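So the protein lines, in turn, are chains F and B. Here the first sequence is numbered in the working numbering, starting from 1 and rising by one per residue. Here the second sequence is numbered in the working numbering, starting from 1 and rising by one per residue. Here's the structure, in structure tokens; my notes come after.
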Amino acid sequence: MLMRILESAPSRYDRGLRILTLGRLDGVYERLISHVEEGQRVLDVGCGTGALALRAASKGAWVKGIDVNPQMLEIARSRARQAKLDHRVQWAEMGVAELENEEAVSYDVVVSGLCFSELTADEVAFALQQARRVLKPRGLLLLADEVVPDGLTQRVLNALLRIPLSVVVYLWTQGTTHAVVDLPHEVQEAGFIVESTRQQNLGSLLELVARRPAGAGE
Amino acid sequence: MNLLRYVVVNILGVVLRFFPWPCRTGLAEIGLPGRDSPVFLTCNYRLTVARVRWALRGTNAYLLVANSRGVNVWCAATGGLLTNHDVLSALKTSGIEERVDHRRVILPQLAATGIEAGVVAKKAGWQVLWGPVYARDLPRFVESGQTKSKEMSEVAFPWRQRVEMAAAWAFPISVATALILAVLWRQAFLPSIFVVWGLSLAVYLPFPLYARWLGSRARGSGAVLAGFAALWVLVLCGYTSYQYLLGQGSWAEVLRWAVLTLVVLLVMGVDFLGSTPLYKSGLQEDRLLEVVLKEERCKGVGYCQDVCPRGCYEVDRRLHRATMAGAQRCVKCGACIVQCPCDAIHFEDAKGGVIPPDTIREFKLNLMGKRVER
Numbered sequence: 001m002l003m004r005i006l007e008s009a010p011s012r013y014d015r016g017l018r019i020l021t022l023g024r025l026d027g028v029y030e031r032l033i034s035h036v037e038e039g040q041r042v043l044d045v046g047c048g049t050g051a052l053a054l055r056a057a058s059k060g061a062w063v064k065g066i067d068v069n070p071q072m073l074e075i076a077r078s079r080a081r082q083a084k085l086d087h088r089v090q091w092a093e094m095g096v097a098e099l100e101n102e103e104a105v106s107y108d109v110v111v112s113g114l115c116f117s118e119l120t121a122d123e124v125a126f127a128l129q130q131a132r133r134v135l136k137p138r139g140l141l142l143l144a145d146e147v148v149p150d151g152l153t154q155r156v157l158n159a160l161l162r163i164p165l166s167v168v169v170y171l172w173t174q175g176t177t178h179a180v181v182d183l184p185h186e187v188q189e190a191g192f193i194v195e196s197t198r199q200q201n202l203g204s205l206l207e208l209v210a211r212r213p214a215g216a217g218e
Numbered sequence: 001m002n003l004l005r006y007v008v009v010n011i012l013g014v015v016l017r018f019f020p021w022p023c024r025t026g027l028a029e030i031g032l033p034g035r036d037s038p039v040f041l042t043c044n045y046r047l048t049v050a051r052v053r054w055a056l057r058g059t060n061a062y063l064l065v066a067n068s069r070g071v072n073v074w075c076a077a078t079g080g081l082l083t084n085h086d087v088l089s090a091l092k093t094s095g096i097e098e099r100v101d102h103r104r105v106i107l108p109q110l111a112a113t114g115i116e117a118g119v120v121a122k123k124a125g126w127q128v129l130w131g132p133v134y135a136r137d138l139p140r141f142v143e144s145g146q147t148k149s150k151e152m153s154e155v156a157f158p159w160r161q162r163v164e165m166a167a168a169w170a171f172p173i174s175v176a177t178a179l180i181l182a183v184l185w186r187q188a189f190l191p192s193i194f195v196v197w198g199l200s201l202a203v204y205l206p207f208p209l210y211a212r213w214l215g216s217r218a219r220g221s222g223a224v225l226a227g228f229a230a231l232w233v234l235v236l237c238g239y240t241s242y243q244y245l246l247g248q249g250s251w252a253e254v255l256r257w258a259v260l261t262l263v264v265l266l267v268m269g270v271d272f273l274g275s276t277p278l279y280k281s282g283l284q285e286d287r288l289l290e291v292v293l294k295e296e297r298c299k300g301v302g303y304c305q306d307v308c309p310r311g312c313y314e315v316d317r318r319l320h321r322a323t324m325a326g327a328q329r330c331v332k333c334g335a336c337i338v339q340c341p342c343d344a345i346h347f348e349d350a351k352g353g354v355i356p357p358d359t360i361r362e363f364k365l366n367l368m369g370k371r372v373e374r
């Protein structure tokens, strides 16, 4: 049983994440994608199995999904085919380091779900800087991620809750996430205007909507 | 890096060897590096970083710590935890490009199972130079104008490493058995700790004495099994005759110790070959594959010789031809397959089926030693 679980890790990734976020993830993603409009160009950073990218595509957006994990991308591809959305989504195996190659001022929306928590501190700063560069003026940055809660009580409770969950999820998927410290602040530092944030699960699951300021092009 | 810290990290790192131990990623300065200083890259396993910094103390260099999820270089690169993306990321997001004028990064040689030098060159514009296997050889590597001798590019299993490996097994096992015995058999609590450490040292220290029976191909888990069984019998006979001569003890006690030592040896024996750097893990499916060099495709580039940790390859620079002169020493790490720009080397299974080099590049061994493809 354990062997089978471990072997089939990538395909179980989605379910693992759902457990870690206590089932709140779908709602969070739906709310974020409600900001996407038909015909917009969307970049999904760390698309994984395509949860955000496919939601955006089904709203009529043109999407590019990037991820470093070829197995995840394979699952995303087949899901796109099944949903008959493959003409709207382009998948690429690349990390945030290669965002430099994306054209400046070319996207309406940059989305990212549970990706920043897997990045190093340098990568987070770099990804935000690149997101700002590729976005059009007034373009949107939509993030959902695991963060370190603000209050001490919440932090302790969250840690206690997370340890057993993480063990289960690690065994199941060989993957886990590491909370980001003060993401809204980092987003602001990168030159975005944070329009709204919403925290759930004892403050550990953050949704964030930010906008690239108008004017001041790259 | 001060001595006390270095010693503490080493002790903890050695006894907790089987657990990831991440440290901060990103760019670190060693000494007072300038625009021409060498750039080294390593994983973010804390023990490795400590040893690299220790080896490089007194020099001026940049050290890039890439995200390997707290796992050592060889395991991380082979298991897909230290990838091209992590190296690209370290080069592009750390700010190193603004600090130096050159574009040459020295990677640990054992990272060659997972990092493709060609991809790093193409995507980041950095030339990869494969450094020595062990951090302690870094000063000699720098002094010799960034070249390495044959021994600097080969893995070895000297007594110090064998003691480390013995400790890595003995510590967690002795803690687990002691905890269990504290409840079930109080008197054996202390002796069990000595027994576990003794057994572990007895397994690893005499390695050179029995290495030749393990066979060059090391498929023979049979030899390992026989060895462990022999050790078990030996220990039990010793213990029984000692008790007999003293005229104390009981058969019940002998039986208990027999069960205890059997369990301990079974746990240690699960992946004995994989605990040495000289053999592929007995749990990884790649152990059953053969590395095959197709001479007609070889152009004698010689990357295989550069990355092979067992010195299997010989390259004739005039004829532009590589040969696998030391094929029987191969650990099946796959580094040569990943790096060969001519795709002249591949894995073949027992039935002669060819596993394309790109499969080895793209799909890494997971925690269970299986290559997950779809």
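Backbone N, C-alpha and C fix where the C-beta goes; we use that ideal spot for every residue, glycine too. Owing to the predicted nature of the structure, the values given are computational and were not obtained by experimental measurement.
Neighbour-count burial assignment, W251/B, 16 or more Cβ in a 10 Å radius:
By the neighbour-count criterion, in which 16 or more other beta carbons inside 10 Å mark a residue as buried, W251/B falls on the exposed side.
Would Q284/B be called buried (16 or more neighbouring beta carbons within 10 Å of its own) or exposed?
Q284/B counts as buried, since no fewer than 16 other beta carbons sit within 10 angstroms of its beta carbon.
Under 8 Å between beta-carbons, which chain B residues line up against P70/F? List them in chain order, please.
Residues of chain B passing the Cβ test: E362 and F363.
So, for E179/F: in the same chain, excluding its five sequence neighbours on each side, which residues have a beta-carbon less than 7 Å away from its beta-carbon?
Correcting the residue type first, residue 179/F is Ala in the shown sequence and not Glu. Within the same chain, A179/F has close Cβ partners S117, E146, V147, V148 and S204.
Tell me which same chain residues have a C-beta within less than 6 Å of the C-beta of L12/B, skipping the five on either side of it?
Same-chain partners within the cutoff: there are none.
Using DSSP's beta-bridge definition, name the partner residues of A92/F.
Beta bridge pairing from DSSP links A92/F with I66/F.
Do the region 285 to 302 of chain B and the region 336 to 343 of chain B touch if we need at least three Cβ pairs shorter than 8 Å?
Yes: at least three Cβ pairs fall under 8 Å.
In the DSSP assignment, what residue or residues form a beta bridge with L63/B?
Bridge pairing for L63/B: A28/B and F40/B [DSSP].
Which residue's Cα is closest to the Cα of G31/B: R57/B, V175/B and C43/B?
Shortest Cα-Cα distance from G31/B to any of R57/B, V175/B and C43/B involves R57/B.
Positions along the region 82 to 104 of chain F whose CB lies within less than 8 Å of some CB in chain B:
If you check each beta-carbon in the region 82 to 104 of chain F against every beta-carbon of chain B, the ones closer than 8 Å belong to M94, G95, V96, A97, E98 and E100.
Got a sec, what are the start and stop residues for the alpha helix (DSSP H) F19/B sits in?
No alpha helix (DSSP H) contains F19/B, which DSSP labels as neither H nor E.
Output the residue ranges of the alpha helix (DSSP H) runs that lie fully inside the region 279 to 334 of chain B and measure 4 residues or longer, sorted by chain position.
Correct list: 303 to 307.
Do you know how far the Cα of G23/F is from the Cα of L129/B?
Just so you know, the alpha carbons of L129/B and G23/F end up roughly 47 Å apart.
Can you find a CB in chain F that lies within less than 8 Å of the CB of K122/B?
No, because no Cβ of chain F sits closer than 8 Å to the Cβ of K122/B.
Three-state secondary structure (DSSP) of P164/F:
In this structure, P164/F counts as helix in the three-state DSSP scheme.
Run of the beta strand (DSSP E) containing P137/F, from where it starts to where it stops:
Element bounds for P137/F: L135 to E146.
Using CA atoms only, rank isn't needed, just tell me which of L54/F, A210/F, A61/F and S58/F is closest to L73/F.
Cα-wise, what sits closest to L73/F is L54/F.
Assign G282/B to one of two classes, buried (16 or more other C-beta atoms within 10 Å of its C-beta) or exposed (fewer than that).
Buried, by the Cβ-count rule.
Counting along the chain, where does the alpha helix (DSSP H) carrying L181/B start and finish?
Segment W159 to L184, the alpha helix (DSSP H) holding L181/B.
So G238/B is in the alpha helix (DSSP H); what residue range does that whole segment cover?
G238/B: member of the alpha helix (DSSP H) spanning S221 to L246, first to last residue.
Is Y210/B buried or exposed, if buried means 16 or more other CB atoms sit within 10 Å of its CB?
Here Y210/B is exposed, its C-beta having fewer than 16 other C-beta atoms within 10 Å.
Taking the beta carbon of F347/B as the centre, do at least 16 other beta carbons fall within 10 Å, making it buried, or is it exposed?
By the neighbour-count rule (16 or more Cβ atoms within 10 Å), F347/B is buried.
Drop a sphere of 10 angstroms on the beta-carbon of C47/F, count the other beta-carbons inside from all chains shown, and report buried for 16 or more, exposed for fewer.
It is buried - the Cβ of C47/F has at least 16 other Cβ atoms within 10 Å.
Which residue's Cα is closest to the Cα of L288/B: K332/B, V270/B and A182/B?
When only C-alpha atoms are compared, the closest one is K332/B.
Nearest to P213/F by alpha carbon, out of L165/F, R138/F, P164/F and V124/F?
When only C-alpha atoms are compared, the closest one is R138/F.
Is V15/B near A167/B, with beta carbons less than 8 Å apart?
Judged by beta-carbon spacing, A167/B lies within the 8 Å limit of V15/B, meaning their Cβ atoms are closer than that value.
In its own chain, which residues sit with a C-beta less than 7 Å from the C-beta of A188/B, not counting the 5 before and 5 after it?
Hits under 7 Å: L181.
Segment contact, 8 Å Cβ cut-off, at least three pairs: the region 146 to 155 of chain B with the region 167 to 179 of chain B:
Taking 8 Å as the limit for Cβ pairs, the verdict is that the region 167 to 179 of chain B does not touch the region 146 to 155 of chain B.
Under 8 Å, Cβ to Cβ, is there at least one residue of chain B near D122/F?
Answer yes: the Cβ-Cβ gap between D122/F and chain B drops below 8 Å somewhere.
Check whether T113/B and T78/B have beta carbons under 8 Å apart:
Yes, the Cβ-Cβ distance between T113/B and T78/B is below 8 Å.
Buried or exposed, going by whether 16 or more other CB atoms sit within 10 Å of the CB of A218/B?
Residue confidence for A218/B is low, a pLDDT of 49 falling below 50, so the modelled location carries little weight; the figure read from the coordinates is stated next. Result: buried.
Three-state class that DSSP yields for G113/F in the structure shown
Here G113/F sits in strand by DSSP.
Kindly provide the ranges of any beta strand (DSSP E) runs that are 3 or more residues long and lie completely inside the region 99 to 142 of chain B, ordered along the chain.
Within the region 99 to 142 of chain B, the complete beta strand (DSSP E) runs of at least 3 residues are 104 to 107 and 127 to 130.
Any idea what DSSP makes of I5/F, helix, strand or coil?
Any reading at I5/F must be qualified, since the residue scores a pLDDT of 46, below 50, and its modelled position is unreliable; the value itself is stated next. It is helical.
Comparing C-alpha positions only, which one of D306/B, F207/B and L64/B sits nearest to A223/B?
The shortest Cα separation from A223/B among D306/B, F207/B and L64/B belongs to F207/B.
DSSP state of E195/F, grouped into three classes?
In this structure, E195/F counts as strand in the three-state DSSP scheme.
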